[in-house]
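Engineer: So that we are looking at the same thing, I have put the structure below in C-alpha cells.
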Amino acid sequence: MAREDQDQDQEKDRDQNSHMNIVLGVGLGIVALIIMCLIFTVYFNRRERSPSKKSRRKDSSDKLRKLDAVSPIRTLQEWWTKAHGPPLPSDCPDNQFICVVCLEPVLRSQEIRELKCLHVFHRECLEKWYLQDHYNCPLCHRAYYNQEIRPTNDFVWMV
Numbered sequence: 001m002a003r004e005d006q007d008q009d010q011e012k013d014r015d016q017n018s019h020m021n022i023v024l025g026v027g028l029g030i031v032a033l034i035i036m037c038l039i040f041t042v043y044f045n046r047r048e049r050s051p052s053k054k055s056r057r058k059d060s061s062d063k064l065r066k067l068d069a070v071s072p073i074r075t076l077q078e079w080w081t082k083a084h085g086p087p088l089p090s091d092c093p094d095n096q097f098i099c100v101v102c103l104e105p106v107l108r109s110q111e112i113r114e115l116k117c118l119h120v121f122h123r124e125c126l127e128k129w130y131l132q133d134h135y136n137c138p139l140c141h142r143a144y145y146n147q148e149i150r151p152t153n154d155f156v157w158m159v
C-alpha cells in the first residue's frame, strides 16, 4: 500500500512538473513574440524615417534655393560697400565681424549671407543652420523664412 501511495505521489509530481513546463514554455514564447514585434517595429520605423541620400541631397538643394531667394550670397566687402559705402582709410582693420555660429572672424573676401535683421554670417555656417530646420536668425531669433511644412521632428510636443 505504501508503495502504491509513493507511485501516485510521483505521478502527481510528474503531472505538476509537466504542467509547469507547459505554462513556462507558453509564457516564454509570448514574451519572445512581444520582444520580436518591438524589434521589428523599431527597425521599420527607423527605416521609414531616414530618407535616401539622393532625396536628402535633393531636399537640401531645394532648401538652399529658397534660402538664396531670402539671403543671397556675396562677400563681406560687397555687403559693406552696399550697406555703409566704401570703407574709409580711417576704418581700422580691427573692426571685424564675428560669425556667431562658428565664432570665427568673417574676412572681407569670404562669402556671407545677410538676413532681414541685418546680421551677417559665413555662408557655410548659415546653410548648415538652415538645413537643420532652423528658420530663425541664430543671433536674435527673428524669423527670416516662413517654412511651408512643419518640422520633421516628432518630438515637438516635448518642447
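Take the sequence shown: its position 148, counted from the start at 1, is 148 in UniProt numbering, and no numbers get skipped. We treat Cβ as the ideally placed atom computed from N, Cα and C, and that holds for glycine. Being a predicted model, the structure only gives us computed values, none of them experimental.
1. Among the candidates 119, 132 and 109, whose CA atom is the shortest distance from the CA of residue 142?
2. Where does the unbroken beta strand (DSSP E) through residue 74 begin, and where does it stop?
3. Which partner residues of residue 166 appear in the DSSP bridge assignment?
4. Give the single residue among 115, 100, 79 and 110 whose Cα lies nearest to the Cα of residue 69.
5. Distance check for residue 45 and residue 34, CA to CA, integer angstroms please.
6. Using the Cβ count rule (16 or more neighbours within 10 Å means buried), how would you classify residue 43?
7. Three-state secondary structure (DSSP) at residue 106?
8. Sorted by chain position, which residues of the same chain lie with C-beta nearer than 6 Å to residue 126's C-beta, five sequence neighbours on each side aside?
Structural biologist: Checking against the coordinates, here is how it stands:
1. 119
2. 73-75
3. Summary: the structure shown does not reach residue 166, with the chain confined to residues 1 through 159, and so no result is reported for it.
4. 115
5. 16 Å
6. Around the beta-carbon of residue 43, fewer than 16 other beta-carbon atoms lie within 10 Å, marking it exposed.
7. strand
8. 113
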